[in-house]
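Undergrad: Have a look at the structure that comes next, please.
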Amino acid sequence: MTNGVAELEGSDAIFIIGSNTATSHPLVATRIFRAIENGAKVLVADPRKNQIAQFAHLYVRHKPGTDVALLNGMMKVILDRGLADRAFIDANTEGFTEFKTLIDQVSLEDCAAITGVPVSQIEELAQIYGKADRGSIVYCMGITQHTNGVNNVKSLANLAMVTGNIGREGTGVNPLRGQNNVQGACDMGGLPNVFPGYQPVTLGAASKKFADAWGKDTLPTNIGLTIPEMFSAIEKDKMQGLWIMGENPVVSDPDADHVKKALEDIEFLVVQDIFMTPTARLADVVLPGASFAEKDGTFANTERRVMRVRKAIDPVGESKADWEIIQEISTRFGLSMAYAGPSEIFDEIARLTPSYSGISYDRLEGDGIQWPCPTPAHPGTPYLHKDGHFTRGKGLFHAVEYKGPAEVVDEAYPFWMTTGRVYAHYHTGTMTRNSAALDREVSEGFLEINPADAAALDILDGQKICVASRRGEIETRIMITDRVEKGVVFMPFHFEEANVNKLTNPAYDPIAKIPELKVCAVSLTKV
Amino acid sequence: MDYQNILTTCTYCGCGCNFFLEVLDGKLVGTIPCKTSPVNEGKLCIKGWNVHQFVQSENRLTHPMIRKNGVLEKVSWDEAFDYTASRLSEIKAEKGSDAIGFLTSAKVTNEENYLLQKFARAGVGTNNIDHCARL
Amino acid sequence: MTLLSQVLDFCGVERERLRARWVSSAEAPEFVEEVNSFIDALKTLGPSPLKAKTAKMGVS
Amino acid sequence: MIDMVKEKIEALFKEKKIAGFLGLREQNGQVAPHLFMEGQALEGMCLGDRKIAGDARYPLNKILVTLARQYPEETFGILARGCDERGLYGLFRLNQLDPDKVIAVGIACPGDLALACECKKPFPEALVAGEKIQAGDSIKAGRETLAAMDTLDLDKRFSFWKNQFSKCVKCYGCRDICPMCFCRECSLECEDLVSKGDLPVDIPVFHLTRAMHMADRCVDCGLCDEACPADIPLRLLYKKTAQIMDIEFGFTSGINKDERSPLSMMGPAPKKVAK
Chain A
399 MTNGVAELEG SDAIFIIGSN TATSHPLVAT RIFRAIENGA KVLVADPRKN
449 QIAQFAHLYV RHKPGTDVAL LNGMMKVILD RGLADRAFID ANTEGFTEFK
499 TLIDQVSLED CAAITGVPVS QIEELAQIYG KADRGSIVYC MGITQHTNGV
549 NNVKSLANLA MVTGNIGREG TGVNPLRGQN NVQGACDMGG LPNVFPGYQP
599 VTLGAASKKF ADAWGKDTLP TNIGLTIPEM FSAIEKDKMQ GLWIMGENPV
649 VSDPDADHVK KALEDIEFLV VQDIFMTPTA RLADVVLPGA SFAEKDGTFA
699 NTERRVMRVR KAIDPVGESK ADWEIIQEIS TRFGLSMAYA GPSEIFDEIA
749 RLTPSYSGIS YDRLEGDGIQ WPCPTPAHPG TPYLHKDGHF TRGKGLFHAV
799 EYKGPAEVVD EAYPFWMTTG RVYAHYHTGT MTRNSAALDR EVSEGFLEIN
849 PADAAALDIL DGQKICVASR RGEIETRIMI TDRVEKGVVF MPFHFEEANV
899 NKLTNPAYDP IAKIPELKVC AVSLTKV
Chain B
86 MDYQNILTTC TYCGCGCNFF LEVLDGKLVG TIPCKTSPVN EGKLCIKGWN
136 VHQFVQSENR LTHPMIRKNG VLEKVSWDEA FDYTASRLSE IKAEKGSDAI
186 GFLTSAKVTN EENYLLQKFA RAGVGTNNID HCARL
Chain C
603 MTLLSQVLDF CGVERERLRA RWVSSAEAPE FVEEVNSFID ALKTLGPSPL
653 KAKTAKMGVS
Chain D
1124 MIDMVKEKIE ALFKEKKIAG FLGLREQNGQ VAPHLFMEGQ ALEGMCLGDR
1174 KIAGDARYPL NKILVTLARQ YPEETFGILA RGCDERGLYG LFRLNQLDPD
1224 KVIAVGIACP GDLALACECK KPFPEALVAG EKIQAGDSIK AGRETLAAMD
1274 TLDLDKRFSF WKNQFSKCVK CYGCRDICPM CFCRECSLEC EDLVSKGDLP
1324 VDIPVFHLTR AMHMADRCVD CGLCDEACPA DIPLRLLYKK TAQIMDIEFG
1374 FTSGINKDER SPLSMMGPAP KKVAK
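Line by line, the protein sequences give chains A, B, C and D.
Following our numbering, the numbering of the first sequence begins with 399 at its first residue and continues without gaps.
Following our numbering, the numbering of the second sequence begins with 86 at its first residue and continues without gaps.
Following our numbering, the numbering of the third sequence begins with 603 at its first residue and continues without gaps.
Following our numbering, the numbering of the fourth sequence begins with 1124 at its first residue and continues without gaps.
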């Protein structure tokens, strides 16, 4: 997030798109509910009418995968009606002319036809967000998990920049990170193209700095493979060894049958986890890690706040903290590691990562610190891009044209399928389904379907149905609700026995390599 | 009699709520939201309130295992460490560094993510490291 | 009863929508009469405002 | 104030009257519930007033129930404000704690906190530190809040609560933080009463089931209000329930040590007690 979560309370307009905030980020929803109490106007755009949409000043239901069309329509209205912040654009951005040329060619009627949102509603969205003094954008995987995910995000950045809604308290472009430490895993260089602190592996200076620190002559400078690329490499017999730590791609990744096959085929698979997940069942070596309650360390949350994790109990059985496991294997492999504990590792991180340099365990007592925090005296940074100073210098507008999703409905697969979470479960359910209270609350998967579609298929609430896509088929119970509109169905992805990721489309965004989990075409048959 | 409250950060979503894990005689018995946390101000969701439950589940993995004759068998840590290190060394020697890949995790700590990418880059010599940021 | 009817009223639900009466299993006519009179009372009140909520989050 | 509290606790330890003292302390830069044991210094002990009075209160009574279940023979000391002591009386009545095994070390709340809480009795009987503030103003404030709600039309009240309940994210935090909730089986988890598995919750069944269940228990400590991620004014709802209990049955939970609940008595309702 460019801004802090608590700042939302002071926003006067909040545009939520592709986020079921009350379910997936309940403690962010707290701030949004408060903003509403404080008089903020909340705008929600989502194919599914989620809980927070009930409280929205305006809720629009756009068709899955049509975000860019909706956003371009809004920006057309903003430019045409003089709601753009020209002073901000002139002082702090570049690329505006090309962007404007594209937006000028956009027709609101086309946007309405593509998105299914009437022109008047696109206008109202634009008016409210465009006129806001402190407008905040909140989004989640509903924006990113598309073949044009990067374009969706760029469009949101355009929207914030064109109205000058960035670099001040209560504004910003705010992705809600789905996992507790997805921010940290990225910060720490758990990506194929960057070292910790987003220092590119291709950059000579960065490579030298890390090589020196790690006692190596050189480090690889070619960009590595992303997850989907690794699965392809395994298939083509270009990858023989894979070490998976704390992930469950057999359930979480699109086209699950395909993933499973790759992991069955690979020569050597190491899985380090806390439960015997469907992925671990395929491993050649299973390493029992410790849960968050059994070790020390740090997590970075969605607002870049680095916070301590503290050991409450000893690891269960013979399990070990993951850092100890890595250290042992690395040493035996030939790269000696002898850290006394996580705080020593953190000190090394701080030395090599500019945005973390001022942070130490001592300073993390209390409220934690929001990076960037360059020096030990620096208080941390609640919001980024202050006064329009962007990381790259000037904020760059991207002219983004609308492109449809990779797979569209047709006669054989006539329903749009979209996916998400339920309030009582988390991701692949590895942890939550081992929690009695949560399992009691929601114990099996389901498919949400509009009453009209259910009537047409002659099925009743709670009945079983077969759901098929071009990649696989599953059976699940249906829940009849008008949260989803006619022609659209929704499934949560926590349940391996009705794993919706057997159906989802692995087609991915060309830049971010993020799969299109939020849109695919399916057929429904009564069983 | 030993009763402790350990301040920590939630392992579920990206909100990063702070709470105390209640430990009575070495067992987790409850979760209490931290009232003075700037993130959650003494509030939690249903997952947070029950986060202590999965930790001591009987389904937890408690022993390292190696697949022998097609079946996963319990082994000692020494055997698991040596076997993993030597198999990775063999693959690197035969097929090169880029024949090995790593999936690190949005669920483990910063320190652990840092170590695994350090091992991938400086130990094995590959940038094939990624995690589920996209999922 | 005393409590619940007042709490319902506080939350905006007419107290007439709640009724409890002790009827012996031997008193079928009293039971029928009570149910009929409750039905009549409810018909006069019209549909409950809660009814709209029972449909799962209707788009209205 | 804290020195008087510490002195009292040290004396209790010295006289071997308690096995441990359940209070609060500064820990890792936050305020945490803590069981102080004999021989350990009371260093870091605090009273839960961080930025403003009472902003770091915890359900110590609930923790005490957990400890007492594990160590039924031991006696514990516990930090108690007025509301906490009312809770202890309630838990004695409901056989969750043995009055002979609990020694409250009481602190009085300051006037601003009492007023903000609309507290009925902002000091405990077992007062060790702090000044007794009479509850007149805060009780009046509570009555006014309820009266303001009562003057609204029926449909206004309905839409107010419907709107509030619709925000519920079903965390069960109101129950989980509640020092008076100790049942091993909870009616909120009974599918015959409350439907499960979906948001928003069953309206108003979820919240009213709890309100009814708490009618003779709630001691108006307000921890539920503070724990609600949706800022639902739960305390207001329970305050109303308590008012009905007072007007109809002359009962106020936790005010008298030897109280009996009218809801657990057989026979006709007791006569209203003139106040």
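Cβ atoms here follow ideal geometry from the backbone N, Cα and C, with glycine treated the same way.
Check whether the Cβ of D/Asp1172 lies closer than 8 Å to any Cβ atom in chain B.
TA: Residue 1172 of chain D sits at position 49 when you count from the first residue of the fourth sequence. Output row for D/Asp1172: interface = no.
Undergrad: Using the DSSP secondary-structure output, state which residues sit across from D/Ala1252 in a beta bridge.
TA: By 1-based counting over the fourth sequence, the position of residue 1252 of chain D is 129. In DSSP, D/Ala1252 forms a bridge with D/Ile1230.
Undergrad: Using only the alpha-carbon positions, how far apart do D/Met1272 and A/Ser409 sit?
TA: Residue 1272 of chain D sits at position 149 when you count from the first residue of the fourth sequence. Residue 409 of chain A sits at position 11 when you count from the first residue of the first sequence. One C-alpha to the other measures close to 29 Å.
Undergrad: Run through the stretch 788 to 842 of chain A for me and flag every whole beta strand (DSSP E) of 3 or more residues, listed as ranges in chain order.
TA: 813 to 818
Undergrad: Which runs of the beta strand (DSSP E) fall wholly inside the stretch 697 to 760 of chain A and span at least 3 residues, in chain order?
TA: 703 to 707
Undergrad: Roughly how far, in whole angstroms, is the beta-carbon of D/Glu1149 from the beta-carbon of D/Gly1167, given that I think they are within contact range, below 8 Å?
TA: Position 26 of the fourth sequence, counted from the first residue, corresponds to residue 1149 of chain D. Position 44 of the fourth sequence, counted from the first residue, corresponds to residue 1167 of chain D. Right, their Cβ atoms sit about 5 Å apart.
Undergrad: Ordered along the chain, which non-local residues of its own chain (more than five positions away) have a Cβ less than 8 Å from that of C/Ser650?
TA: Position 48 of the third sequence, counting from 1, holds the residue named residue 650 of chain C. The residues are Val615 and Arg619.
Undergrad: Check whether chain D comes within 8 Å of A/Arg432, counting only Cβ atoms and requiring the distance to be less than that.
TA: Position 34 of the first sequence, counting from 1, holds the residue named residue 432 of chain A. So, interface residue.
Undergrad: Just to confirm my understanding: we take A/Ala510, look at its own chain, exclude 5 residues before and 5 after, and list those with CB closer than 8 Å. What are they?
TA: Against the first sequence, residue 510 of chain A aligns to sequence position 112. Around A/Ala510: Gly471, Pro516, Val517 and Ile520.
Undergrad: Any beta-carbon of chain D closer than 8 Å to the one on A/Val926?
TA: Outside the modelled stretch of chain A, which goes from 399 to 925, sits residue 926 of chain A, for which no answer is possible.
Undergrad: Check this for me: beta carbons of A/Met473 and A/Leu406, under 8 Å apart or not?
TA: Position 75 of the first sequence holds residue 473 of chain A. Position 8 of the first sequence holds residue 406 of chain A. Their beta carbons are not under 8 Å apart, which means A/Met473 does not touch A/Leu406 by this criterion.
Undergrad: Is the beta carbon of A/Pro652 sitting closer than 8 Å to the one on A/Pro445?
TA: Taking the first residue of the first sequence as 1, we reach residue 652 of chain A at position 254. Taking the first residue of the first sequence as 1, we reach residue 445 of chain A at position 47. Between A/Pro652 and A/Pro445, the gap from beta carbon to beta carbon reaches 8 Å or more.
Undergrad: Find out if the Cβ-Cβ distance for the pair A/Phe844, A/Met815 is shorter than 8 Å.
TA: The residue given as residue 844 of chain A occupies position 446 in the first sequence. The residue given as residue 815 of chain A occupies position 417 in the first sequence. It is not a contact, given that the beta carbons lie outside the stated cut-off.
Undergrad: Indicate whether at least one CB of chain A lies closer than 8 Å to the CB of D/Leu1158.
TA: Indexing the fourth sequence from 1 puts residue 1158 of chain D at position 35. So no, D/Leu1158 is outside the interface.
Undergrad: Ends of the alpha helix (DSSP H) at B/Tyr88?
TA: The residue given as residue 88 of chain B occupies position 3 in the second sequence. B/Tyr88 -> not in any alpha helix (DSSP H); beta strand (DSSP E) instead, spanning Tyr88 to Thr94.
Undergrad: Candidates A/Lys439, A/Ile632, A/Val683 and A/Asp531: which alpha carbon is nearest B/Glu164's?
TA: Within the second sequence, residue 164 of chain B is the residue found at index 79, counting from 1. Per the Cα distances, A/Val683.
Undergrad: Quick check: is the beta carbon of C/Thr646 nearer than 8 Å to any beta carbon in chain D?
TA: Residue mapping note: residue 646 of chain C aligns to position 44 of the third sequence, counting from 1. Not an interface residue.
Undergrad: What do you reckon, are the CB atoms on A/Val807 and A/Phe813 nearer than 8 Å?
TA: Along the first sequence, one-based indexing puts residue 807 of chain A at 409. Along the first sequence, one-based indexing puts residue 813 of chain A at 415. Yes, these two residues count as a Cβ contact at 8 Å.
Undergrad: Does the beta carbon of B/Ala178 come closer than 8 Å to any beta carbon on chain A?
TA: As a working mapping, residue 178 of chain B is identified with position 93 in the second sequence. Not one chain A Cβ lies under 8 Å of B/Ala178.
Undergrad: Quick one: using the 10 Å Cβ neighbour count with 16 as the cut-off for buried, is B/Met86 buried or exposed?
TA: Here residue 86 of chain B corresponds to residue number 1 of the second sequence, with the count starting at 1. Exposed: under 16 other Cβ atoms inside 10 Å.
Undergrad: Pick out the complete alpha helix (DSSP H) segments inside the stretch 849 to 888 of chain A, 4 residues or longer, and give them in chain order.
TA: Listed in chain order, they are 849 to 855.
Undergrad: For A/Ser841 and B/Thr147, I'd like the C-alpha separation in whole angstroms.
TA: The sequence position of residue 841 of chain A within the first sequence is 443, counting from 1. The sequence position of residue 147 of chain B within the second sequence is 62, counting from 1. Rounded to whole angstroms, A/Ser841 to B/Thr147 spans 25 Å at the Cα level.
Undergrad: What separation, rounded to the nearest whole angstrom, lies between the Cα atoms of A/Ala835 and A/Glu701?
TA: Taking the first residue of the first sequence as 1, we reach residue 835 of chain A at position 437. Taking the first residue of the first sequence as 1, we reach residue 701 of chain A at position 303. Computed Cα separation, rounded: 29 Å.
Undergrad: Just to confirm my understanding: we take B/Gly208, look at its own chain, exclude 5 residues before and 5 after, and list those with CB closer than 8 Å. What are they?
TA: Numbered from 1 along the second sequence, position 123 holds the residue referred to as residue 208 of chain B. There are no such residues.
Undergrad: Quick check on A/Arg446: does DSSP put it in helix, strand or coil?
TA: Taking the first sequence and counting its residues from 1, one reaches residue 446 of chain A at position 48. The answer is strand: DSSP assigns A/Arg446 an E or B state.
Undergrad: Are there 16 or more other CB atoms within 10 angstroms of the CB of D/Ala1353, so buried, or fewer, so exposed?
TA: What you label residue 1353 of chain D is simply residue 230 of the fourth sequence in a count that begins at 1. Flag for D/Ala1353 reads buried.
Undergrad: Tell me which residue opens and which closes the alpha helix (DSSP H) that B/Tyr199 is part of.
TA: Reading the second sequence from its first residue, position 114 is the one you call residue 199 of chain B. It spans Asn195 to Lys203 - the alpha helix (DSSP H) in which B/Tyr199 sits, taken as one unbroken run.
Undergrad: Tell me the start and end of each unbroken beta strand (DSSP E) in the stretch 96 to 129 of chain B that is at least 3 residues and wholly inside, in chain order.
TA: 103 to 109 and 112 to 118
Undergrad: Over the uninterrupted alpha helix (DSSP H) stretch that includes D/Phe1283, give me the two end residues.
TA: Taking the first residue of the fourth sequence as position 1, residue 1283 of chain D is located at position 160. That run of the alpha helix (DSSP H) goes Leu1277 to Ser1289.
Undergrad: Counting contacts by CB-CB distance shorter than 8 Å, is B/Trp162 in contact with chain D?
TA: The residue you call residue 162 of chain B lines up with position 77 of the second sequence. It does not; no Cβ of chain D falls within 8 Å.
Undergrad: Taking 8 Å as the threshold, find out whether the stretch 1320 to 1337 of chain D comes into contact with the stretch 1285 to 1297 of chain D through three or more Cβ pairs.
TA: yes
Undergrad: Within this structure, are the beta carbons of A/Leu554 and A/Val458 separated by less than 8 Å?
TA: The residue labelled residue 554 of chain A in the question sits at position 156 within the first sequence. The residue labelled residue 458 of chain A in the question sits at position 60 within the first sequence. Their beta carbons are not under 8 Å apart, which means A/Leu554 does not touch A/Val458 by this criterion.
Undergrad: Where do the N-terminal and C-terminal ends of the beta strand (DSSP E) with B/Lys153 fall, by residue?
TA: Your numbering for residue 153 of chain B matches position 68 in the second sequence. Per DSSP, B/Lys153 belongs to the beta strand (DSSP E) from Met150 to Lys153.
Undergrad: Can you say whether A/Ala631 is buried or exposed, counting buried as having 16 or more other CB atoms within 10 angstroms of its CB?
TA: Counted from its first residue, the first sequence places residue 631 of chain A at position 233. That one is buried.
Undergrad: Below 7 Å CB to CB, which residues in the same chain sit around D/Gly1213 once its five sequence neighbours on both sides are set aside?
TA: One-based indexing of the fourth sequence puts residue 1213 of chain D at position 90. Cβ-Cβ distances below 7 Å link D/Gly1213 to Met1303, Arg1340, Val1342, Ser1376 and Gly1377 in the same chain, with the five nearest sequence neighbours on each side left out; the list follows chain order.
Undergrad: Looking at A/Thr677 and A/Asn646, is the spacing between their C-beta atoms short of 8 Å?
TA: Working through the first sequence from its first residue, we reach residue 646 of chain A at position 248. Working through the first sequence from its first residue, we reach residue 677 of chain A at position 279. In contact: A/Asn646 and A/Thr677 (Cβ atoms closer than 8 Å).
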